[in-house]
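With my numbering, letter number 34 in the sequence shown gets 34, and the count goes up by one each step, no holes.
Using N, Cα and C, we set each Cβ at its ideal position, and we do this for glycine too.
Please read these numbers as outputs of a predicted model, since none were measured by experiment.
Let me begin by presenting the structure, written as structure tokens, before commenting on it.
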Amino acid sequence: MRLNHRAAILCQQMIADAEMLRIAVRRCPSGASVIDCGIEVPGGLEAGRRMAEVCMAGLATVALVPGRDAASSSGPLIAVHTDQPLAACMRSQYAGWQIARDKFFAMASGPMRSLAGKEPLFQSIGRGSAEEVAVGVLETAKLPPPEVCDEIARACGVEPAHLFLLVAPTASHAGTFQVVARSVETAMHKLFELGFDLNLAESGFGAAPLPPVGGNDLAAMGRTNDAILYGAEVTLWVRGDEREIETLGPQIPSASSPDHGRPFAEIFARYDRDFYKIDPKLFAPAIVNLNHLPSGRAFRYGRLLPEVVSRSFGFA
1 MRLNHRAAIL
11 CQQMIADAEM
21 LRIAVRRCPS
31 GASVIDCGIE
41 VPGGLEAGRR
51 MAEVCMAGLA
61 TVALVPGRDA
71 ASSSGPLIAV
81 HTDQPLAACM
91 RSQYAGWQIA
101 RDKFFAMASG
111 PMRSLAGKEP
121 LFQSIGRGSA
131 EEVAVGVLET
141 AKLPPPEVCD
151 EIARACGVEP
161 AHLFLLVAPT
171 ASHAGTFQVV
181 ARSVETAMHK
191 LFELGFDLNL
201 AESGFGAAPL
211 PPVGGNDLAA
221 MGRTNDAILY
231 GAEVTLWVRG
241 DEREIETLGP
251 QIPSASSPDH
261 GRPFAEIFAR
271 YDRDFYKIDP
281 KLFAPAIVNL
291 NHLPSGRAFR
301 YGRLLPEVVS
311 RSFGFA
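Printed below as a string of structure tokens:
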């Protein structure tokens, strides 16, 4: 499946609609296209929605939908559904590539990851075939300098003129939106960490509350994480051994971690703002439903914590 080719078509559509989306296209001297969705421009909800679909190589549909009842949610939900969860979420959307050069830092996601293959998980899930174009999403507060764009193009094996990078800080409309659109991805990644064969996951649906945009990237990181950890509900349609599903199920949601129950900003501070000291079992949706296709049985694990979501979002 040509993931980057699919994503590039969506990028071209965003470029054509740049004025409406309140985004801007910057060209590097080498020809790489940097699509600014929220650093030097306002961006917006639609820019974030399309950014999320690009990040999943057009293999998922993303929508903003009405929230749950007032007692269990705060504001609208970002809903995602896909019939290609392995390709859309793990080969494309997962933010597993750190890009650091001089004073520039970004977390990279999108289908260009499958071309670079720099993450150990590709040894398990496999990489895509070579493509002539590469598309990625950078979560960053700065526009990438030309040398970073050229470095990414080399890592992906494409000419710089065939590289598209969508960029936005977490503390922006689009940046917040595209991060919270990762509800299904977090469930898939947790299953991967638990040793489940992701080829047995056939479809996925997830919904998580859209937070108010944080005043800075640190505040926005707290809110977007809380939206997933305490406000997201994901359903996966799976095959495989029913007994394995019953064993793994309780370990999937965020409640499986002893760090569960406090706003992410407090947890982050307690670990000296070192993301990698936090218990990795925390990073998962609040609720995971597993529909076992061969037997017709349905399993439900975890719980929503709307009071933590409201506190994080500043509503309490």
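Would you give the residue range spanned by the alpha helix (DSSP H) that residue i belongs to?
{"i": "S114", "result": "M112 to A116"}
{"i": "V180", "result": "H173 to V180"}
{"i": "H5", "result": "L3 to A16"}
{"i": "L198", "result": "It is not in any alpha helix (DSSP H) - L198 carries neither H nor E in the DSSP assignment."}
{"i": "D259", "result": "Run containing D259: none; DSSP gives neither H nor E here."}
Name the DSSP bridge partner or partners of residue i?
{"i": "S109", "result": "V137"}
{"i": "R101", "result": "F104"}
{"i": "R27", "result": "S33"}
{"i": "G67", "result": "Per DSSP, none; premise fails for G67."}
{"i": "F299", "result": "L290"}
{"i": "T82", "result": "A60 and G204"}
For the beta strand (DSSP E) containing residue i, name the first residue and the last one.
{"i": "S33", "result": "S33 to D36"}
{"i": "T235", "result": "E233 to V238"}
{"i": "G204", "result": "A201 to P209"}
{"i": "A284", "result": "Note, A284: premise wrong, no beta strand (DSSP E); not H, not E."}
{"i": "F164", "result": "L163 to A168"}
Between residue i and residue j, how many whole angstroms is the CB-CB distance? I'm expecting something under 8 angstroms.
{"i": "I287", "j": "E233", "result": "4 angstroms"}
{"i": "V238", "j": "E202", "result": "7 angstroms"}
{"i": "A63", "j": "A79", "result": "5 angstroms"}
{"i": "L236", "j": "A181", "result": "Incorrect: roughly 16 angstroms between the Cβ atoms, too far for contact."}
{"i": "V264", "j": "N225", "result": "For the sequence presented, residue 264 should be read as Phe rather than Val. Yes, F264 and N225 are in contact; Cβ-Cβ is about 4 angstroms, under 8 angstroms."}
{"i": "A220", "j": "G214", "result": "3 angstroms"}
{"i": "M51", "j": "A168", "result": "7 angstroms"}
{"i": "S254", "j": "P285", "result": "7 angstroms"}
{"i": "A47", "j": "L21", "result": "4 angstroms"}
{"i": "L3", "j": "G126", "result": "About 12 angstroms separates the two Cβ atoms, so there is no contact after all."}
Alpha carbon to alpha carbon, what distance is there between residue j and residue i?
{"i": "F105", "j": "A171", "result": "15 angstroms"}
{"i": "R273", "j": "D217", "result": "13 angstroms"}
{"i": "I252", "j": "Q98", "result": "25 angstroms"}
{"i": "C28", "j": "M56", "result": "24 angstroms"}
{"i": "S256", "j": "E151", "result": "39 angstroms"}
{"i": "G204", "j": "Y276", "result": "27 angstroms"}
{"i": "V54", "j": "F283", "result": "23 angstroms"}
{"i": "L165", "j": "Q93", "result": "14 angstroms"}
{"i": "P111", "j": "P258", "result": "33 angstroms"}
{"i": "G157", "j": "L115", "result": "7 angstroms"}
{"i": "I35", "j": "D241", "result": "44 angstroms"}
- Message: Across the region 290-304 and the region 237-257, are there enough close Cβ pairs to call them in contact, namely three or more that are closer than 8 angstroms?
- Response: yes
| Given 8 angstroms as the limit, is there contact between the region 2-12 and the region 125-138, that is, 3 or more CB pairs closer than that? | yes
Item to check | Validate contact between the region 189-204 and the region 224-233 using beta carbons, cut 8 angstroms, 3 pairs | outcome: no
Evaluate contact between the region 31-50 and the region 140-150, counting only Cβ atoms and requiring at least three cross-stretch pairs below 8 angstroms.
-> yes
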